[in-house]
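Residues -26 to -1, 1 to 262 (mature numbering (1 follows the signal peptide of the UniProt record, and there is no 0)) are what the sequence shown spells out, left to right.
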Amino acid sequence: MASRHNFACSAMAALLFSAAAAVVSAQLSTDFYDETCPDALDIIESAVRAAVFKESRMGASLLRLHFHDCFVNGCDGSVLLDDTTGITGEKNAQPNKNSLRGFEVVDDIKAQLEASCEQVVSCADILAVTARDSVVALGGPTWDVELGRRDGTTASLDAANNDLPPPTSDLGDLIKSFSDKGLTETDMVALSGAHTIGQARCVNFRGRLYNETNLDASLATSLKPRCPNPTGDGDDNTAPLDPATSYVFDNFYYRNLVRNKGLLHSDQQLFSDHRLRLQHGRLLRRLP
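Structure follows, in structure tokens:
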């Protein structure tokens, strides 16, 4: 069990620290709010558990929200900013528009924290903790979250469009996207395991469904009724990234790739390279 937790922790920590450009001048620590807002972590955990209990899919949505924040100019909460006269936010970037969810949960958590300790806990830290608590709520590992991030005051629509790897990415593009953030191929494979939970829209897997031959035939047959051709019909219909255990944070994502059951082109690409297959093998051995 320890190896399972340590591997997951190291992968998540790699994302949080290497992408946290917005907090380079801050000293992060696990006890950052112990004096100023001692109930902060309990408030967040309780709210996340309630949200996931109400809608299991919300766990994946909150985890994805944090990833999309961190992958664009660091973990600074900028993904939460709305458009204003002086700021063009990231919510309407192509990878985010009509896709990111969970903003209302974060707003509720922020309101509870403000009632307990006004203007203390940053939104960037809220996203980091909700990501961890969402994984735990769905049966996954826990890890210590370093706290003390500062919220960004600006956002970048262009960076969100350019930096977040689309689901049609080939392996080389994926490796470059993660490398540009200081993340290794091992980090990329481990972090992609978050796709063991969550849903994908038809528009993001239709190309793989109808044009690629390395998709399990039985899975393809089951998907076609909810994602028909031609383009435009059923674009927003969803399918689970992991049909076996959609709401459990486990290792079935990697098992699916071995069986050509990766829903997204970018996911199955991770099993197309011998070196990365070895990474998958290690994960399958470590995660029961």
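Beta carbons: idealized from backbone N, C-alpha and C, even for Gly.
In whole angstroms, give me the CA-to-CA distance for residue i and residue j.
i: Asn185; j: Ala194; result: 11 angstroms
i: Ser240; j: Leu148; result: 8 angstroms
i: Gln1; j: Thr10; result: 16 angstroms
i: Ser143; j: Leu87; result: 39 angstroms
i: Leu138; j: Val46; result: 7 angstroms
i: Asp81; j: Val222; result: 25 angstroms
i: Asp237; j: Glu92; result: At residue 237 the sequence reads Leu, which differs from the Asp that was named. For Leu237 and Glu92, the distance between alpha carbons rounds to 43 angstroms.
i: Ala218; j: Thr187; result: 21 angstroms
i: Thr127; j: Ile171; result: 31 angstroms
i: Val177; j: Asp132; result: 22 angstroms
i: Val103; j: Ala191; result: 39 angstroms
i: Met32; j: Ser246; result: 30 angstroms
i: Ala168; j: Phe226; result: 10 angstroms
i: Pro12; j: Lys150; result: 40 angstroms
i: Asn234; j: Gly51; result: 35 angstroms
i: Cys97; j: Ala129; result: 14 angstroms
i: Leu165; j: Leu37; result: 11 angstroms
i: Ala14; j: Ser30; result: 23 angstroms
i: Thr58; j: Asn230; result: 43 angstroms
i: Thr4; j: Ser35; result: 24 angstroms
i: Leu55; j: Phe6; result: 24 angstroms
i: Lys71; j: Asp43; result: 14 angstroms
i: Asp16; j: Ala213; result: 33 angstroms
i: Leu101; j: Gly122; result: 12 angstroms
i: Asn211; j: Asn136; result: 25 angstroms
i: Lys198; j: Leu183; result: 8 angstroms
i: Asp209; j: Val94; result: 41 angstroms
i: His40; j: Thr205; result: 30 angstroms
i: Gly60; j: Tyr228; result: 43 angstroms
i: Pro69; j: Ser196; result: 26 angstroms
i: Thr62; j: Arg124; result: 19 angstroms
i: Ser90; j: Leu145; result: 46 angstroms
i: Ala134; j: Pro140; result: 11 angstroms
i: Ser220; j: Ala105; result: 17 angstroms
With a threshold of 16 other CB atoms inside 10 Å of the CB of residue i, please say whether the residue is buried or exposed.
i: Met243; result: Sequence inspection shows Gln at residue 243; the Met mentioned does not correspond to that position. Counting Cβ neighbours within 10 Å, Gln243 comes out buried, since at least 16 surround it.
i: Ile25; result: The question names Ile, but residue 25 in the sequence shown is Ala. With 16 or more other Cβ atoms within 10 Å, it is buried.
i: Val232; result: exposed
i: Ser108; result: buried
i: Ala174; result: buried
i: Asp8; result: exposed
i: Ala85; result: exposed
i: Ala(-19); result: Residue confidence is low: Ala(-19) scores 47 on pLDDT, short of 50, so the model does not pin down where it sits. Its coordinate-derived value is still stated next. Classification of Ala(-19): buried, given that the 10 Å Cβ count is 16 or more.
i: Gly76; result: buried
i: Arg180; result: buried
i: Ser(-17); result: Note that Ser(-17) scores a pLDDT of 44, beneath 50, so its modelled location is shaky; the value from the coordinates is reported in the next line. The residue in question, Ser(-17), is exposed, as its Cβ has fewer than 16 Cβ neighbours within 10 Å.
i: Lys65; result: buried
i: Asp99; result: buried
i: Arg200; result: exposed
i: Glu78; result: exposed
i: Asp216; result: buried
i: Ala67; result: buried
i: Gly48; result: buried
Residues bridged to residue i by DSSP?
i: Thr187; result: Thr187 is not bridged to any residue.
i: Pro214; result: Gln173
i: Leu121; result: Ser3
Indicate, with yes or no, if the ligand SAH has a heavy atom lying under 7 angstroms from the CB of residue i.
i: Tyr227; result: No copy of the ligand SAH occurs in the structure displayed, which carries no ligand at all.
Stretch-stretch touch, CB-based, cutoff 8 angstroms, three pairs: the segment 149 to 165 with the segment 109 to 117
The segment 149 to 165 vs the segment 109 to 117: no contact.
Touch check for the segment 18 to 27 and the segment 159 to 177: three-plus C-beta pairs under 8 angstroms?
The segment 18 to 27 makes no contact with the segment 159 to 177; the number of CB pairs closer than 8 angstroms stays below 3.
Contained beta strand (DSSP E) runs [length at least 3] in the segment 146 to 197, N- to C-terminal order:
Whole beta strand (DSSP E) segments, 3+ residues: 173 to 175.
With a floor of 4 residues, list each alpha helix (DSSP H) that falls wholly inside the segment 78 to 143, ordered by position along the chain.
Every alpha helix (DSSP H) stretch that sits fully inside the segment 78 to 143 and reaches 4 residues is listed by chain position as 97 to 111, 131 to 137.
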